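There are 2 protein chains.
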Amino acid sequence: MHKTLWDHRYAQRTQRMSGSTIRELLKLTEQPDIISFGGGLPSPDVFPLERVKQASELVLKTQAAYVLQYGTTEGYVPLRKMLAEFACRFGVDITIDNVLITSGSQQALDLLGKILINPGDRILVEDPTYLGALQAWNAYGAEYVPVPSDEEGIDPGALEAAMRCGAKFLYLIPTFQNPTGKTLSEERRKKIIQLSDHYGIPIIEDDPYGQLRFEGETVSPIMALDGAARDDCAGCYNGNVIYLSTFSKIMAPGLRLAWVIAPPEIIRKMVMAKQGIDLNTSTFNQALAYEVGRDGFIDQHIQLIRKVYKERRDVMLEALTEFMPQGVSWTHPQGGLFLWATCPEKINTESLLKVAVARKVAFVPGTSFFATGGGYNTMRLNFSFCVPEKIITGISRLGEAIKESL
Amino acid sequence: MHKTLWDHRYAQRTQRMSGSTIRELLKLTEQPDIISFGGGLPSPDVFPLERVKQASELVLKTQAAYVLQYGTTEGYVPLRKMLAEFACRFGVDITIDNVLITSGSQQALDLLGKILINPGDRILVEDPTYLGALQAWNAYGAEYVPVPSDEEGIDPGALEAAMRCGAKFLYLIPTFQNPTGKTLSEERRKKIIQLSDHYGIPIIEDDPYGQLRFEGETVSPIMALDGAARDDCAGCYNGNVIYLSTFSKIMAPGLRLAWVIAPPEIIRKMVMAKQGIDLNTSTFNQALAYEVGRDGFIDQHIQLIRKVYKERRDVMLEALTEFMPQGVSWTHPQGGLFLWATCPEKINTESLLKVAVARKVAFVPGTSFFATGGGYNTMRLNFSFCVPEKIITGISRLGEAIKESL
Chain Z
1 MHKTLWDHRY AQRTQRMSGS TIRELLKLTE QPDIISFGGG LPSPDVFPLE
51 RVKQASELVL KTQAAYVLQY GTTEGYVPLR KMLAEFACRF GVDITIDNVL
101 ITSGSQQALD LLGKILINPG DRILVEDPTY LGALQAWNAY GAEYVPVPSD
151 EEGIDPGALE AAMRCGAKFL YLIPTFQNPT GKTLSEERRK KIIQLSDHYG
201 IPIIEDDPYG QLRFEGETVS PIMALDGAAR DDCAGCYNGN VIYLSTFSKI
251 MAPGLRLAWV IAPPEIIRKM VMAKQGIDLN TSTFNQALAY EVGRDGFIDQ
301 HIQLIRKVYK ERRDVMLEAL TEFMPQGVSW THPQGGLFLW ATCPEKINTE
351 SLLKVAVARK VAFVPGTSFF ATGGGYNTMR LNFSFCVPEK IITGISRLGE
401 AIKESL
Chain L
1001 MHKTLWDHRY AQRTQRMSGS TIRELLKLTE QPDIISFGGG LPSPDVFPLE
1051 RVKQASELVL KTQAAYVLQY GTTEGYVPLR KMLAEFACRF GVDITIDNVL
1101 ITSGSQQALD LLGKILINPG DRILVEDPTY LGALQAWNAY GAEYVPVPSD
1151 EEGIDPGALE AAMRCGAKFL YLIPTFQNPT GKTLSEERRK KIIQLSDHYG
1201 IPIIEDDPYG QLRFEGETVS PIMALDGAAR DDCAGCYNGN VIYLSTFSKI
1251 MAPGLRLAWV IAPPEIIRKM VMAKQGIDLN TSTFNQALAY EVGRDGFIDQ
1301 HIQLIRKVYK ERRDVMLEAL TEFMPQGVSW THPQGGLFLW ATCPEKINTE
1351 SLLKVAVARK VAFVPGTSFF ATGGGYNTMR LNFSFCVPEK IITGISRLGE
1401 AIKESL
């Protein structure tokens, strides 16, 4: 194909962009004979379909002219109110001025990159961490300082050492982490708030899965622990944590709806940035989500999701025990969508993926989640998407693929 | 309110961001007693509501698991095919590989800024131009070279002089321009393609309104004129123009759906960037738009929109003639949503806006659309949103406000 005038005109940052392994994997899941533990897909079995149908009818019957029109950048007011109330349960005062609706959490990550990151800024991240955050922030020239974790999540000693070298902010997925499924203990969360305060390094808390706990005790979001220590702004959160969550895992990702809870000044800056990137999130989808979620439905529905995902996690854990060869280990997440497996050192999971796909099973090689490399023998396994029988078949195939590669 | 740790941590680009006058004006339109010619709002009277209702029912009945799930970044294949076919009418070969679905055209502008603009890059723009483009690209450190226009649109002589000084690309809204309502003649379009080729400066053609012609002869999109000259890539457009259009003006803005037609390599780069900014556009909304638009419905519907907007434009033109004091002039657009009025030099339209709002009528002061200042006595008037009686009342109020300010 001939060259166009565009060919030498890409921005420098375009050279730092790369396609997402996860997105490429999503394409594999479109082949019906592959069992994919790859994407972070929720199960369509727990989409609240009847409720979405009713909501869609209602919204188009009663508010069509409003929901099909442009809307305000901040988001649909009843939805923002609902989310503020939802967050107040954590024991921290949240008002509508703390809430921004975004077109998925990925947009929130992009917006935060846009308002916060100068080229060369250092971001403290877990190691491994969510690759979508890396992808969003690479475009802004971020540099990453990976902080090691153990079974309880990020290690406060290592974090303090990293904080002493300075950073723009700390990015954490503290609950049922993506990719590892690990949860940061409440003790460590409190310690991290102290460190954040002491070294002046604020925190972005990404919490897409926090509601999906199957067992064990609830741990407060870091924002709530931080907010509890700052009750000087009557009725409004104005602390050092920016909190992200999403409807993708508790309702349906196809609506592309998420939200940010942050100090009002951060929300204002994000709103300005959002005007330049998509004007507003679909009012129709926002009104749908409000009508679906309201009157306590979302809480009932979360119970259902927990039940279904717990069963699938249990099935996957059992299948792993049954089919994995000696030397493979994995995490035991108390909630969420993912677990994390570590193969014997001989195995490179990127090579393994080819063997696995030939056997009609897929996963995400762990390397993708390490900001500065590492984890070549690890992998992320999603247990939410496949039905139990497929999980068993898929893990058995994966076991064979690993044995073949040993 | 106390300072948080975020307060000194904003990126440099955040200092270049400012709220959009248009978005702030949208808030005014929420007061029911204000007649607003401000926002670029389509009329809710021409939202295809019955068809959206049917489409929503159908999609949730037949494809729920698919449309409520994550989707591919490129967009919903049937919709991309429909848009490729739609574009082929212009007489240029377009395939699905030329098409990307975006979350509104604003997102396309942001994506293009992301993949193309380095800080300090010069962009050639009409003077005035669409302020949303300026807002999107300010965040990437763009600098603007405004090129003067006359009644036929951008002036080729002035454009050539500007091109000789170098630029990353030329940005044009050639048909029923926002804000002026002017249309670039076919002769000039051909001349501009020659200049673009000669000086090696490619073109972004923003065409949200091209379908909404009320009178006069259709003028081909610049992409089509460029594509006609390059038939060496069988079946696929690979020229020097990136073309943007949107469902916001021919269906409903609340769906937040638009599309880009570009060389495949540009589409691939935009897809990579889009993965980092919102993963994908709502599959539900894309499937809705496909079901609404298919089988020729969109063409019938466009006929209706043209009829309604033509009437409103005519009413506004008549009202202007009736109510404007001596010395006010305005454009006579052959389509689109806007006309452009110029007041006597004594009037500053930013000050006038306050007087006008006191009289319960609003518009956008022209200055917002000038990349490097100017047009203090101009204003953009939208004629699509208000019903004819309101247009008459509003223009009469505006006439009074101008008289008061003279």
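Just so you know, the protein sequences line up as chains Z and L, in that order.
According to the working numbering, the residues represented by the first sequence are 1 to 406, in order.
According to the working numbering, the residues represented by the second sequence are 1001 to 1406, in order.
C-beta: ideal position from N, C-alpha, C; glycine also.
All figures in this text were calculated on a predicted structure; none of them were measured in a lab.
Q.
By DSSP's criteria, C1149(L) is part of a beta bridge. Which residues make up the other side?
A. Inspection of the sequence shows that residue 1149(L) is occupied by Ser rather than by Cys. The partner list for S1149(L) (beta bridge, DSSP) reads I1154(L).
Q: Classify T378(Z) as helix, strand or coil using the three-state DSSP reduction.
A: strand
Q) Under the three-state reduction of DSSP, which class applies to W1340(L): helix, strand or coil? A) strand
Q: Reducing DSSP to helix, strand and coil, say where D1314(L) ends up.
A: helix
**Q.** Spatial distance of S1282(L) from R268(Z) (CA atoms)
**A.** 25 Å
Q: With 8 Å as the threshold, decide whether the Cβ of G366(Z) is near any Cβ in chain L.
A: no
**Q.** For Y130(Z): DSSP bridge partner residues
**A.** Paired residue(s): none; Y130(Z) is not in a bridge.
Q. Where does E345(Z) land, buried or exposed, given buried means 16+ other C-beta within 10 angstroms?
A. exposed
(Q) For Q1194(L), would you say it is in contact with chain Z, using Cβ-to-Cβ distances shorter than 8 Å as the test? (A) no
Q. Taking only runs of the beta strand (DSSP E) that begin and end inside the stretch 1083–1137 of chain L, which ones reach a length of at least 3 residues, in chain order?
A. 1099–1102 and 1122–1127
Q: For my contact list, P1202(L) and T4(Z) are in at a C-beta cut-off of 8 Å; report their separation, rounded to the angstrom.
A: 7 Å
Q | Cβ of W340(Z) within 8 Å of any chain L Cβ | A | no
Q | Amino acids of chain Z, ordered along the chain, whose beta-carbon sits closer than 8 Å to that of A1289(L) | A | Neighbours of A1289(L) on chain Z: none; closest Cβ ~11 Å, over 8 Å.
Q. What did DSSP end up calling R256(Z) once you bin it into helix, strand or coil?
A. coil
(Q) Is there a Cβ of chain Z sitting closer than 8 Å to that of A1139(L), yes or no? (A) yes
Q. Using a C-beta cutoff of 8 Å, does A17(Z) count as contacting chain L?
A. Looking at the sequence provided, one finds Met at residue 17(Z) rather than Ala. Closer than 8 Å: yes.
(Q) Using a Cβ-Cβ distance cut-off of 8 Å, determine whether H1002(L) contacts chain Z. (A) yes
**Q.** Cβ-based neighbour list, L1159(L), same chain, cut-off 8 Å, excluding 5 preceding and 5 following
**A.** L1124, V1147, L1170, I1192 and L1195
Q) Helix, strand or coil for Y209(Z) per DSSP? A) coil
Q: Check the DSSP bridge columns for G1335(L) and list the partner residues they point to.
A: R1213(L)
Q: Check I949(L) in the structure and name its three-state DSSP category.
A: No statement about residue 949(L) is possible, as the shown extent of chain L runs from 1001 to 1406 and does not include it.
Q.
Let's see if you can read the secondary structure: which residues bound the alpha helix (DSSP H) around Y1243(L)?
A. Y1243(L) -> not in any alpha helix (DSSP H); beta strand (DSSP E) instead, spanning V1241 to T1246.
Q) Is there at least one Cβ from chain L nearer than 8 Å to K269(Z)'s Cβ? A) yes
Q.
Contact defined as beta carbons within less than 8 Å: I believe P221(Z) pairs with K249(Z). What is the distance between those atoms, to the nearest angstrom?
A. 15 Å between Cβ atoms; not a contact.
(Q) I'd like the span of the beta strand (DSSP E) that includes Y1171(L), first residue to last. (A) F1169 to L1172
Q) Buried or exposed: which applies to K182(Z), given that a residue is buried once 16 or more other Cβ atoms fall within 10 Å of its Cβ? A) buried
Q. If you check the beta carbons only, do I1101(L) and Y1076(L) fall under 8 Å apart?
A. yes
Q: Count the other CB atoms, across all protein chains shown, that sit within 10 Å of the CB of G1399(L); report buried if there are 16 or more and exposed otherwise.
A: buried
Q. Taking the runs of the alpha helix (DSSP H) that are 4 residues or longer, which of them lie wholly in the stretch 1162–1202 of chain L?
A. 1186–1199
Q) From G1216(L) to Q1334(L), what distance separates their C-alpha atoms? A) 7 Å
Q. Counting only beta-carbon atoms, is S282(Z) nearer than 8 Å to chain L?
A. yes
Q. Who does S329(Z) pair with in a DSSP beta bridge?
A. T342(Z)
Q. Is it right to say E151(Z) is buried, meaning 16 or more other beta carbons lie within 10 angstroms of its own, or is it exposed?
A. exposed
Q.
Beta-carbon within less than 6 Å of R1397(L)'s beta-carbon, same chain only, minus the 5 sequence neighbours each way: which residues are those?
A. R1359 and V1361
Q: Count the other C-beta atoms from every protein chain shown that fall within 10 angstroms of the C-beta of P32(Z), then say buried if there are 16 or more, exposed otherwise.
A: exposed
Q | Expected contact under 8 Å - CB spacing of V67(Z) and F284(Z) to nearest Å | A | 4 Å
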